């Protein structure tokens, strides 16, 4: 789960991992830790440095807990155990919450979002390691295992109805971690914060009432920005075809359309603003699969949701409520 689709363009560089770091302003405090295969960070504004340090530590700890719970790589995670055994008894309530959001996204997108595409990811990853693409027979077999309706869950267990199925929560877990970490920070009475778990959530302001500013990277140039945004009271997530590619032309990458058994071919990146990071995270993947027309139509039906899409030719489009550049 490694996604570096945004840079914090106005907060400066982090001074290290773990713990709390004081920036040049006496009221801006930062901390960072490792989770989701990358560095996550929390910045808060508060007069009390010790309180800020405790809030940051709690937020980072909560995010790391979500990573340990939902990782597809950690044998101790419940998602790993489910993929290994096909069934999971006594699922964690946090896992059930994310699975419920996944099912709702699948429903409203007519299956464009599907956490059970993991067999396709595994197939393409293995083929790419050999310097090839899967053949048609392999691809169709993996595609047949991707069906969100064949995943059942309740408070007692989670179960795949078909042998060989597997799921990934890479399109939701980081957003959920941001939401949970924000709640932990706010429990300390902090109102001004910016959290980066690979997805972003911003509340309040930086010191001197300055807004938090985020930069959206250009999908074809990691050193360039496609947009800069004032981030206040919202969650922001980006999905892009550049995050993990299987072919250098960006045609085959880590996002899969279950209906194709392959990657969607219209968009290079999608940035979503939404009320929660869990929703923003899931919708950014959903909209990549749906393409601009279907995505913008769905976004118009969802309160507080807007998007910016960049296609593979570099053309940019924004929904009516997506903000102009900062």
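Numbering (mature numbering (1 follows the signal peptide of the UniProt record, and there is no 0)), first residue to last: -23 to -1, 1 to 303.
Virtual Cβ for every residue (Gly too), placed ideally from N, Cα, C.
The structure displayed is predicted, hence computed values, not measured ones.
Just the Cα atoms here: how many angstroms apart are residue -18 and residue 83?
Interpretation of residue -18 is limited by its pLDDT of 47, a score under 50 that renders its predicted location unreliable; no figure is taken from the coordinates.
Pull up the distance between the alpha-carbon of residue 184 and that of residue 5, whole angstroms please.
Rounded to whole angstroms, residue 184 to residue 5 spans 7 Å at the Cα level.
Are the beta-carbon atoms belonging to residue 160 and residue 177 less than 9 Å from one another?
No, these two residues do not count as a Cβ contact at 9 Å.
Using the rule of at least 16 other Cβ atoms within 10 Å of the residue's Cβ for burial, across every protein chain shown, is residue 62 buried or exposed?
Burial call: exposed.
From residue 21 to residue 191, what does the alpha carbon distance come to, in whole angstroms?
The alpha-carbon atoms of residue 21 and residue 191 are separated by roughly 15 Å.
DSSP state of residue 190, grouped into three classes?
Here residue 190 sits in strand by DSSP.
Pull up the CB-CB distance for residue 126 and residue 238, whole angstroms please, since I reckon it's below 8 Å.
Going by Cβ atoms, the distance from residue 126 to residue 238 rounds to 17 Å, so no, they are not a contact pair.
Among residues of its own chain, excluding the 5 on either side of residue 67, which ones have a beta-carbon nearer than 8 Å to its beta-carbon?
Excluding positions up to five away in sequence, the list reads 133, 134.
If you draw a straight line from the alpha carbon of residue 173 to that of residue 37, how long is it in whole angstroms?
Those two C-alpha atoms are separated by around 10 Å.
Below 8 Å, how does it come out for the stretch 136 to 147 and the stretch 82 to 99: are there three or more Cβ pairs, yes or no?
These segments touch.
Does DSSP classify residue 216 as helix, strand or coil?
Here residue 216 sits in strand by DSSP.
Please report how far the alpha carbon of residue 292 lies from the alpha carbon of residue 247, in whole angstroms.
Cα-Cα distance, rounded: 12 Å.
Once you ignore the five residues that flank residue 59 on each side, which residues in its own chain have a CB closer than 6 Å to its CB?
So the list reads 65, 135, once near-sequence residues are dropped.
Looking at the secondary structure, which residues open and close the beta strand (DSSP E) in which residue 262 lies?
Unbroken run through residue 262 is the alpha helix (DSSP H), 254 to 267; no beta strand (DSSP E).
Across which residues does DSSP place residue 64 in a beta bridge pair?
In the DSSP output, where bridge partners are listed per residue, residue 64 has 136.
If distances are taken between C-alpha atoms only, which option among 251, 212, 104, 157 comes closest to residue 306?
Since the first and last residues shown for the chain are -23 and 303, residue 306 lies out of range.
Does residue 199 come out as helix, strand or coil in the three-state DSSP assignment?
Strand at residue 199.
Quick check on the DSSP output: what are the complete beta strand (DSSP E) runs of length 3 or more inside the stretch 106 to 131, in order along the chain?
You should have 128 to 130.
How many Å lie between residue 287 and residue 217 at the Cα?
Going from the Cα of residue 287 to the Cα of residue 217 covers about 9 Å.
DSSP beta-bridge partners for residue 287?
In the DSSP output, where bridge partners are listed per residue, residue 287 has 246, 293.
Does the stretch 217 to 228 come into contact with the stretch 266 to 280, if we say contact requires no fewer than three beta-carbon pairs (one atom in each stretch) closer than 8 Å?
Because the criterion of three Cβ pairs below 8 Å is not met, the stretch 217 to 228 and the stretch 266 to 280 do not touch.
For residue 124, which residues in the same chain have their Cβ closer than 7 Å to its Cβ, ignoring the five residues on either side in sequence?
Counting only Cβ-Cβ distances below 7 Å, and skipping sequence neighbours, we find 93.
From residue 266 to residue 222, what does the alpha carbon distance come to, in whole angstroms?
Near 15 Å, if we compare the C-alpha coordinates of residue 222 and residue 266.
Using only the alpha-carbon positions, how far apart do residue 164 and residue 104 sit?
About 46 Å.
Let's see if you can read the secondary structure: which residues bound the beta strand (DSSP E) around residue 180?
First-last of the beta strand (DSSP E) with residue 180: 177 to 180.
Straight-line CA distance for residue 8 to residue 19?
Between residue 8 and residue 19, the C-alpha separation is close to 5 Å.
Between residue 171 and the rest of its own chain, which residues show a CB-CB distance below 6 Å, the 5 nearest in sequence each way excluded?
20, 179, 189, listed in sequence order.
Just verifying my parser: in three-state terms, what is the DSSP assignment at residue 239?
It is a strand residue.
Can you tell me whether residue 234 is helix, strand or coil according to DSSP?
Residue 234 falls in the strand class under three-state DSSP.
Residue 86 and residue 284: beta carbons closer than 9 Å?
Contact: no.
Rounded to whole angstroms, what's the CA-CA distance from residue 109 to residue 28? Just pull it up for me.
Each residue's Cα considered, the two are about 53 Å apart.
Identify every residue that forms a DSSP beta bridge with residue 171.
Residue 171 pairs with 20, 179.
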